[in-house]
Amino acid sequence: MKTTLKLLTLSVALFAFANISFGQNVTADAAARIITPIKIQQDQALEFGDIISGTNVVTIAPDGSRTATDPTLLLTLAAGGRTPQAAGFSVKGEKNLSYTVNIDASATLTRAGGGGTMTINNFQHNSTGTLDASGEDTFNVGADLTVGANQASGVYEGTYTVTVAYE
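Mapping of the sequence shown onto the working numbering: position 102 corresponds to residue 102, and the numbering continues sequentially without gaps.
See below:
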């Protein structure tokens, strides 16, 4: 009986080690890609130019052209005037990646010295949405400016936010 018990114990021990030897392993791969942060810079401000007071909606398109619901209230002064222009932006980041552009729905321009505001909205841009092989892109932004019937004369200024993000 002792021999049988020894043999049984030896068999169980061998079987246990034999099962361990049937285990397998593999070396697994892991990776990560670090992306250059996307950055945006304003190169030129959005400028609606010189406008005579009166009910009007003045539009600057992304190509820089200016139109209005009442074009007779638009001025182009030979000297000392403000030149209408679309805003210009530069984007830098990881080459060949796509990105989105988000712009505030509206913004307020406030008269320097107080006493009046105007709203800009309907922002439009001409971004391709893709960074080139150098990781760069440029685009322009235009918008609509709503001028009131009795808008006070003066210079109106304000800000809006343009956000770019990888897709």
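The beta-carbon is built from N, C-alpha and C at its ideal position, and this holds for glycine as well.
Excluding its 5 nearest sequence neighbours in each direction, Thr161 has C-beta neighbours in its own chain below 6 Å: Asp104, listed in chain order.
As a beta-bridge residue in DSSP terms, Gly142 pairs with Gln124.
Sixteen is the threshold: when 16 or more other Cβ atoms of the shown chains lie within 10 Å of the Cβ of Val141, as they do, the residue is buried. Distance from Thr108 to Thr100 at the Cβ level is roughly 25 Å; contact not present, criterion being Cβ atoms closer than 8 Å. Comparing alpha carbon positions, the residue from Phe48, Asn96, Lys92 closest to Ile38 is Lys92. Under the three-state reduction of DSSP output, Leu75 falls in the strand class. DSSP places Val101 in the uninterrupted beta strand (DSSP E) bounded by 99 to 103. In its chain, beyond the 5 residues on either side, Gly129, Thr130, Glu167 have a beta carbon closer than 6 Å to the beta carbon of Ser98. Its chain contains Phe48, Gly49, Val58, Thr59, Ile60, Leu74, Pro84 as the residues whose beta carbon lies nearer than 8 Å to that of Arg66, once the 5 sequence neighbours on both sides are disregarded; these appear in chain order.
Beta bridge pairing from DSSP links Val91 with Ile40, Asp137. Within the same chain, Leu109, Arg111, Met118 come within 6 Å of Tyr156 by CB-CB distance, once the 5 residues on both sides are set aside. Judged by DSSP in its simplified three-state form, Glu157 adopts strand.
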